[in-house]
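Colleague: Taken in order, the sequence shown gives residues 66 to 168; the numbers are from this note's numbering.
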Amino acid sequence: MVFGMTSQPIIALMLSAIIGLCSQLKNIPQQTIVQRSVSTDKLVTVYTSMGTVATGVFGVSSLLMGILVDLLGVRIVFVFSGLLLLVISLIAFKNKRLFVLKS
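#1: Tell me the residue span of the alpha helix (DSSP H) that contains F143.
#2: From S126, V99 and S127, pick the residue whose C-alpha is nearest to that of S55; which is it?
#3: Measure the alpha-carbon distance for G69 versus V109 and round it to whole angstroms.
#4: Applying the 10 Å Cβ sphere with the 16-neighbour rule, what's the burial state of V152?
#5: Are there three or more Cβ pairs, one per stretch, closer than 8 Å when the stretch 156-163 is compared with the stretch 69-88?
#6: What distance in whole Å lies between the Cβ atoms of L133 and V142, which are believed to be in contact at a cut-off of 8 Å?
#7: Using the three-state DSSP reduction, which class does Q95 fall into: helix, strand or coil?
#8: Please work out which residues of its chain come closer than 8 Å, Cβ to Cβ, to L148, disregarding the five sequence neighbours upstream and downstream, and give them in chain order.
#9: Just how far apart, CA to CA, sit V103 and Y112?
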């Protein structure tokens with residue numbers, strides 16, 4: 066949300082770097098969970114399915130966000146995206162027991 070509200074390029078660049086770092090910190094455990102919870106023979110299918118769904122969702126959300134940018138402006142859309150990430154984070158935190166691997 067702060068990224069969408071800043072007009073300073075240096076601050077935007079630093080926030081972008083932080084977002085990238087946090088994204089990677091999320092992806093590593095996520096990939097580990099997938100690899101540990103899926104049998105080796107089904108792993109290719111799972112990754113293919115995840116990629117297909119992610120590509121479809123990216124396309125649709127890019128279209129929707131483009132429409133929202135035209136209607137509301139870039140800053141509002143960045144704040145809206147931040148709020149969506151906050152909601153998803155709260156849902157994931159509330160349901161963190163679903164993400165625990167059983168040995």
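Glycine is no exception: its CB is placed at the ideal position from the N, C-alpha and C atoms.
Modeller: On the basis of the supplied data:
#1: Position 78 of the sequence shown, counted from the first residue, corresponds to residue 143. F143 -> alpha helix (DSSP H) spans V139 to K159.
#2: Any property of residue 55 remains undetermined from this structure, which presents the chain solely from 66 to 168.
#3: As a position in the sequence shown, residue 69 is number 4, starting the count at 1. As a position in the sequence shown, residue 109 is number 44, starting the count at 1. V109 has its alpha-carbon roughly 37 Å from the corresponding atom of G69.
#4: Taking the sequence shown and counting its residues from 1, the one referred to as residue 152 is at position 87. Exposed: under 16 other Cβ atoms inside 10 Å.
#5: Segments in contact, no.
#6: Stepping through the sequence shown from its first residue, residue 142 is reached at position 77. Stepping through the sequence shown from its first residue, residue 133 is reached at position 68. Rounded, the Cβ-Cβ distance is 5 Å, consistent with contact.
#7: As a first step, residue 95 must be located in the sequence shown, where it is residue number 30. Helix at Q95.
#8: For the purposes of this step, residue 148 is taken as residue 83 along the sequence shown, with counting starting at 1. Taking L148 as the centre and dropping the five residues before and after it, the same chain places the C-beta of M66 closer than 8 Å to its C-beta, in chain order.
#9: Counted from its first residue, the sequence shown places residue 103 at position 38. Counted from its first residue, the sequence shown places residue 112 at position 47. Straight across, the Cα-Cα distance linking V103 with Y112 is about 10 Å.
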